[in-house]
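Trainee: I'd like to ask you about the structure that follows.
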Amino acid sequence: MPETGSFTLFRVFGIRVQMHWTLVLLALLITWSLYAGWFPRVLDEAPPSLLLALGIAGAIGLFASILLHELAHAMVARRFAMSVERITLFLFGGIAHMEDEPPSPKAEFLMAIAGPLMSLFLAFLAVGALAVGGAAQAPAWALALVAYLASINLTVAVFNMLPGFPLDGGRVLRSVIWAAKKDIVLATRVSSLIGQVFGVALIVFGLVAVFATGSLGGFWTVLIGGIVVRFARQSYVALLVKQALRGATVKNFMDPDPVVLTPDATVASLMRAPTRLSEQLVYPVARDDRSLVGLIDLRKTKGVPPPEWERHAVREFAEPLPEGMRIGPDADAERALRKMNAAGSTELIVVEDDRLLGVLSIHSLIRQVQLFLAGPRRALPA
Ligand SMILES: [Zn+2]
Numbered sequence: 315m316p317e318t319g320s321f322t323l324f325r326v327f328g329i330r331v332q333m334h335w336t337l338v339l340l341a342l343l344i345t346w347s348l349y350a351g352w353f354p355r356v357l358d359e360a361p362p363s364l365l366l367a368l369g370i371a372g373a374i375g376l377f378a379s380i381l382l383h384e385l386a387h388a389m390v391a392r393r394f395a396m397s398v399e400r401i402t403l404f405l406f407g408g409i410a411h412m413e414d415e416p417p418s419p420k421a422e423f424l425m426a427i428a429g430p431l432m433s434l435f436l437a438f439l440a441v442g443a444l445a446v447g448g449a450a451q452a453p454a455w456a457l458a459l460v461a462y463l464a465s466i467n468l469t470v471a472v473f474n475m476l477p478g479f480p481l482d483g484g485r486v487l488r489s490v491i492w493a494a495k496k497d498i499v500l501a502t503r504v505s506s507l508i509g510q511v512f513g514v515a516l517i518v519f520g521l522v523a524v525f526a527t528g529s530l531g532g533f534w535t536v537l538i539g540g541i542v543v544r545f546a547r548q549s550y551v552a553l554l555v556k557q558a559l560r561g562a563t564v565k566n567f568m569d570p571d572p573v574v575l576t577p578d579a580t581v582a583s584l585m586r587a588p589t590r591l592s593e594q595l596v597y598p599v600a601r602d603d604r605s606l607v608g609l610i611d612l613r614k615t616k617g618v619p620p621p622e623w624e625r626h627a628v629r630e631f632a633e634p635l636p637e638g639m640r641i642g643p644d645a646d647a648e649r650a651l652r653k654m655n656a657a658g659s660t661e662l663i664v665v666e667d668d669r670l671l672g673v674l675s676i677h678s679l680i681r682q683v684q685l686f687l688a689g690p691r692r693a694l695p696a
């Protein structure tokens with residue numbers, strides 16, 4: 315499933331390469347700035363058509379460089395049996411999507427370092443080509459293009475090695491703390507904090523640049539800083555939840571004896587139904603043998619005035635259970651949480667072969683995360 319705002323470009327080694335729409339704007343911006351800024355500075359007598367061709371080639375070269383950087387991460391991830399289904403090229407780089415956390419500090423270290431090493435390698439290749447091309451008196455425009463590729467690959471390598479999670483450098487740092495302390499949660503907390511500090515520093519630096527020089531280029535830095543802060547926080551929270559729910563399935567947390575309404579029950583009995591959770595808005599509708607009929611949502615019955623509650627049956631308002639709110643008893647608890655998120659619901663109905671098994675509430679999952687944070691954490695095997 316492509317994420318919002320992204321579309322698929324092509325597949326390579328079975329990995330789907332996606333592009334976020336913001337990248338189309340960025341590609342135009344980069345082409346233009348190369349055409350109007352970078353190349354005219356180094357090639358003063360080039361005709362505009364050549365400058366434009368170089369601008370386009372430079373932008374393509376930049377994205378190819380980022381893609382190779384991400385593919386390097388993906389290949390090492392595969393080597394450690396982590397599946398990489400897709401790579402998204404983004405505003406300021408790429409993301410190789412990995413479903414799982416790395417299995418060991420060593421796996422994470424190698425996976426994280428692979429991208430910057432690839433970028434460094436590409437920069438060295440470009441510098442080598444520059445030396446050979448210069449000695450062989452290659453045309454100035456070709457040398458200018460190669461020089462540009464050398465500089466951007468070096469930039470990508472250096473920027474990504476800054477030690478804030480989730481940048482590559484932050485992942486390297488996390489793997490080192492993880493190996494030393496045998497605690498991935500602690501390691502993630504420290505490296506994500508450094509990532510946030512670093513992101514805030516970028517924002518401040520960008521704002522100072524805007525006000526001090528009056529140039530708008532600083533806003534770029536502010537934007538990247540904001541993204542770094544957000545990602546650093548999100549990835550820490552996501553990891554906590556993942557760790558807290560590790561190995562747990564839906565049936566560990568579901569209420570196997572939930573409030574169930576029969577199709578013939580009145581709206582009055584729905585309104586007076588005992589609630590274990592005052593926030594609960596949906597109830598399963600099932601027959602006495604627990605074969606599922608569907609779902610009733612209190613928001614659908616709220617238009618019925620209290621004097622008429624006795625006159626209406628639940629079946630009038632029941633609707634079939636949407637796929638997004640149905641889950642099996644053996645599904646991962648973490649997957650259930652993602653499903654709730656996607657459905658915008660605090661409950662999922664647990665069903666097997668159209669028989670109602672229970673209701674899973676977000677509160678029981680949240681409680682598990684709280685217990686995980688409070689108790690002594692199981693250290694993961696290093
Ligand atoms: Zn990277």
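Residue 315 is where the sequence shown starts when you use my numbering, and the numbers rise one by one after that.
Positions of the beta carbon are idealized from the N, C-alpha and C atoms, including for glycine.
As the structure is a computational prediction, the values presented were derived from the model and not from experiment.
1. Can the beta-carbon of Leu468 be found closer than 8 Å to that of Ala437?
2. Grab me the residues of Ile680's own chain with a C-beta within less than 6 Å of its C-beta, minus the 5 sequence neighbours each way, in chain order.
3. Looking at Leu434: is its Cβ nearer than 8 Å to the Cβ of Ala471?
4. By DSSP's criteria, Asp611 is part of a beta bridge. Which residues make up the other side?
5. Just to check, is the beta-carbon of Pro566 closer than 7 Å to a non-hydrogen atom of ligand 1?
6. Does Asp497 come out as helix, strand or coil in the three-state DSSP assignment?
7. So the candidates are Leu670, Glu648, Asp497, Leu340; which of them puts its Cα closest to the Cα of Ile676?
8. Looking at the unbroken beta strand (DSSP E) that takes in Arg355, where does it start and where does it end?
9. Evaluate Val522 with the Cβ neighbour count: other Cβ atoms within 10 Å of its Cβ, from every protein chain shown; 16 or more gives buried, anything less gives exposed.
10. What is the residue span of the beta strand (DSSP E) that Leu323 lies within?
11. Would you give the residue range spanned by the alpha helix (DSSP H) that Gln684 belongs to?
12. Given the structure, does Gly484 come close to ligand 1, in the sense that its CB is under 7 Å from one of the ligand's heavy atoms?
13. Could you tell me the distance, in whole angstroms, from the CA atom of Arg629 to the CA atom of Asp482?
14. Go ahead and pull the three-state DSSP assignment for Met396.
15. Between Gly429 and ligand 1, is the CB less than 7 Å from at least one heavy atom?
16. Examine the Cβ distances between the segment 531 to 538 and the segment 639 to 656 and report whether three or more of them are shorter than 8 Å.
17. What would DSSP say about Gln451, mapped onto helix, strand or coil?
18. With a CB to CB cut of under 7 Å and the five nearest residues on each side skipped, what residues in its chain are close to Arg485?
19. Out of Glu666, Leu674, Val665, Leu670, which one is the CA nearest neighbour of Ser659?
20. Mind checking which residues open and close the beta strand (DSSP E) that includes Glu666?
21. Which runs of the alpha helix (DSSP H) at least 4 residues long sit entirely within the segment 510 to 567? Give them in chain order.
22. Between Gly672 and Pro570, how many whole angstroms is the CB-CB distance? I'm expecting something under 8 Å.
23. Taking C-alpha atoms, which residue in Leu340, Ile610, Asp602 lies nearest to Ala587?
24. Quick check on Lys653: buried or exposed, where buried means 16 or more other Cβ atoms within 10 Å of its Cβ?
25. Can you give the Cα-Cα distance for Val460 and Asp358, rounded to whole angstroms?
26. I believe Leu662 touches Leu606 by the beta-carbon criterion, under 8 Å. Please report the beta-carbon distance rounded to the nearest angstrom.
27. Give a single yes or no on whether His626 has its beta carbon closer than 7 Å to a heavy atom of ligand 1.
28. I'd like to confirm something about Asn474: is its beta-carbon nearer than 7 Å to some heavy atom of ligand 1, or not?
29. Could you give the distance in angstroms between the alpha-carbon of Tyr550 and the alpha-carbon of Thr502?
30. Among Gln684, Ala456, Thr615, Asn474, which has the Cα closest to the Cα of His626?
31. Based on the DSSP secondary-structure assignment, which residues constitute the bridge partners of Leu575?
32. Quick one: is the Cβ of His387 within less than 7 Å of any heavy atom of ligand 1?
33. Give the DSSP bridge partners of Thr502, in chain order.
34. Comparing the CB of Pro677 with every heavy atom of ligand 1, is any distance shorter than 7 Å?
35. Inspect the beta-carbon positions of Thr402 and Ser320 and report whether they are closer than 8 Å.
36. Say whether the segment 353 to 368 touches the segment 438 to 445, bearing in mind that this needs 3 or more beta-carbon pairs closer than 8 Å, one atom from each stretch.
Mentor: From the atom records:
1. yes
2. none
3. yes
4. Val596
5. A quick correction: the sequence has Asn, not Pro, at residue 566. Because no heavy atom of ligand 1 lies under 7 Å away, the Cβ of Asn566 does not count as near it: no.
6. coil
7. Glu648
8. Unbroken run through Arg355 is the alpha helix (DSSP H), 353 to 356; no beta strand (DSSP E).
9. exposed
10. 320 to 326
11. 676 to 688
12. no
13. 55 Å
14. coil
15. yes
16. no
17. coil
18. Glu422, Ala426, Phe479
19. Leu674
20. 661 to 666
21. 532 to 558, 564 to 567
22. 4 Å
23. Ile610
24. buried
25. 17 Å
26. Not a contact, Cβ separation roughly 13 Å.
27. no
28. yes
29. 6 Å
30. Thr615
31. Val599
32. yes
33. In DSSP, Thr502 forms no bridge with anything.
34. Just to set this straight, residue 677 is His in the shown sequence, not Pro. Flag unset: Cβ of His677 not near ligand 1.
35. yes
36. no
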